[in-house]
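Only one structure is covered here, and it is reproduced in the block below.
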Amino acid sequence: SIHDGPGIRTAVFLKGCPAMCLWCHNPEGQSFEQEVMHWPGKCTGCGLCSLICPEGALSMEHGRPVMASQACTGCGKCVEVCPTRARSIVGREMSVPEVMNEVELDRAFFDESGGGVTFTGGEPLAQPEFLYELAETCRDLEIHTAVDTSGLAGPRVIEQLAPLVDLWLYDVKTVDCDSHISAVGCSNELPISNLRWLVNQGRDVMLRIPLIPGFNDDDGSLAGFVGLLESLDWKRPAQVAILPYHRLGNEKYARLGRRYRMGEVGEPGGDDIDRARRVFESAGIGVRIGG
C-alpha cells in the first residue's frame, strides 16, 4: 500500500469488527470467523458445492449456487471441490511469527521509501493481545507502525498500545451520537474519548473522515468535525484526510451472500469534495484527499 501511512507499506488486515458501518467497503473484515467468497464469473454451475455442503447452506437456483450466509460455517469443503476455483476462503489463522515473516519480506521497500506496516481490518483493536505482540515486534525490529482504527476499544487497550504505535489513522464518521448509532451501530462517545486521550498525549494522529453523501457531507456535519478538531489539545499540527465514499465494495457483499445496504447512494462529486476541503482549510486545518 502507498496510502495508509508514509512510504511503501505492508497492510496487515485483522479480521473482525464491532462496528457495522453501512458503507463498509471491506465486508470480509466484519466477521471474526473464516468465510467463503464466491466468484460468479468463474462458476460453471456444476453444483458440486451444493452437494458437498454439510450445513445445507448452498442451493442451486437457475443453474447457479445461492448461499445462505448465516448457515455457512466457513468449513471450506465447497472450496476444495470447486473445479474452477470460483470459491475461496477469506481469513486464515496466523501466529505473530508467521505474520512478521511476511512483513519482513518487504523490508527493502520500507528502508528505501521510509515505509512500514499498517495494521487495519476490520478493527485491529478488536484483537488487542495479538495486535500488541505484533506492534511490539515491529518496534523491536525498528519497523514504522501505523494502526488504522475507529477507536472502538476500551481505554486500557489504547493506553497500552500507544507507546508502540508511530501513527494513528483514526476514523471519525460523525460527531453526532444519534447519527453514529444509526449508521455504525454504536455510540461515538468511546472513540471520541480515546481520540482526545491520544491527542492529549501528543501521539501522531491523522484524522480520517469518510465523506458520505447524505450522511456527513452537509454544512452542519462538516462544521461539527471542525469543532471537534478545534476542541482537541493538539501537541502537533492537526491533520485530516478526507476519504470520499466509493462503491467498490458493492460486489464483495454479493460474493459473501449479503445485501449491500447503501442502496443507490452515489459517490461524491469533485465539487462536493472541494467544498469539504475548503471548510477545513478555512479553519487552518491541514487536509488531504484520500488515505
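So that you can map any letter, position 17 of the sequence shown is 19 in the working numbering, and since no number is skipped, the others follow by simple counting. A virtual CB, placed ideally from N, CA and C, is assigned to each residue, including glycine. Since the structure is predicted, the reported quantities are computational estimates derived from the model, not experimental observations.
In three-state DSSP terms, what is proline 56?
Residue state, collapsed to three classes: coil.
Going by the DSSP bridge assignment, what does alanine 148 pair with across the sheet?
Per DSSP, Thr120, Leu169.
Would you list the one or two residues that DSSP bridges to threonine 12?
DSSP, once it has assigned bridges, lists Val119 as partnering threonine 12.
Below 7 Å CB to CB, which residues in the same chain sit around aspartate 219 once its five sequence neighbours on both sides are set aside?
Contacts found: Leu213, Pro270, Asp274, Ala278.
Count the CB pairs spanning the segment 246-261 and the segment 67-83 that are closer than 8 Å, and state whether there are at least three.
The segment 246-261 vs the segment 67-83: in contact.
To the nearest angstrom, how far is the alpha carbon of valine 2 from that of glycine 47?
A query on residue 2 cannot be resolved here, the shown segment of the chain reaching from 3 to 293 and no further.
Over what stretch of residues does the alpha helix (DSSP H) that includes histidine 182 continue unbroken?
179-186 is the extent of the alpha helix (DSSP H) around histidine 182.
Taking buried to mean at least 16 other C-beta atoms within 10 Å of its own C-beta, is arginine 158 buried or exposed?
It counts as exposed.
In the DSSP output, which residue or residues are listed as bridge partners for valine 207?
Trp170, per the DSSP bridge assignment.
Report the start-end ranges of each beta strand (DSSP E) in the segment 205-272 that is 3 residues or longer and not cut off at the edges.
Within the segment 205-272, the complete beta strand (DSSP E) runs of at least 3 residues are 207-213, 241-246.
With C-beta atoms as the reference, is glycine 153 less than 8 Å away from proline 193?
Yes, Cβ-Cβ distance for glycine 153 and proline 193 is below 8 Å.
Should the segment 236-244 be regarded as contacting the segment 201-208, the criterion being three or more beta carbon pairs within less than 8 Å?
Yes, since at least three Cβ pairs between the segment 236-244 and the segment 201-208 fall closer than 8 Å, the two stretches touch.
May I ask you to report which of helix, strand or coil DSSP gives cysteine 284?
It is serine, not cysteine, that sits at residue 284 in the sequence shown. Here serine 284 sits in helix by DSSP.
Would you call the segment 116-125 and the segment 23-36 in contact, with 3 or more CB pairs under 8 Å?
Touching, yes.
Taking the beta strand (DSSP E) that arginine 141 falls in, what are its first and last residues?
Segment 130-142 is the alpha helix (DSSP H) holding arginine 141; no beta strand (DSSP E) there.
Which of helix, strand or coil does DSSP assign to isoleucine 4?
Residue state, collapsed to three classes: coil.
CA-CA distance, asparagine 196 and glycine 187?
Answer to the nearest angstrom: the Cα atoms are 18 Å apart.
Using a threshold of 8 Å, state whether the C-beta atoms of glycine 116 and proline 20 are closer than that.
No, Cβ-Cβ distance for glycine 116 and proline 20 is not below 8 Å.
I'd like the span of the alpha helix (DSSP H) that includes methionine 102, first residue to last.
It spans 98-106 - the alpha helix (DSSP H) in which methionine 102 sits, taken as one unbroken run.
Classify threonine 86 as buried or exposed, calling it buried when 16 or more other Cβ atoms lie within 10 Å of its own Cβ.
Label assigned to threonine 86: exposed.
Alpha carbon to alpha carbon, how far is glutamate 95 from threonine 75? Give it in angstroms, no decimals.
One C-alpha to the other measures close to 15 Å.
So aspartate 168 and alanine 148 are in contact, right, with Cβ under 8 Å, and what is the actual spacing, rounded?
Confirmed, about 6 Å.
Grab the span of the alpha helix (DSSP H) containing serine 195 for me, first residue to last.
Counting along the chain, the alpha helix (DSSP H) containing serine 195 begins and ends at 191-202.
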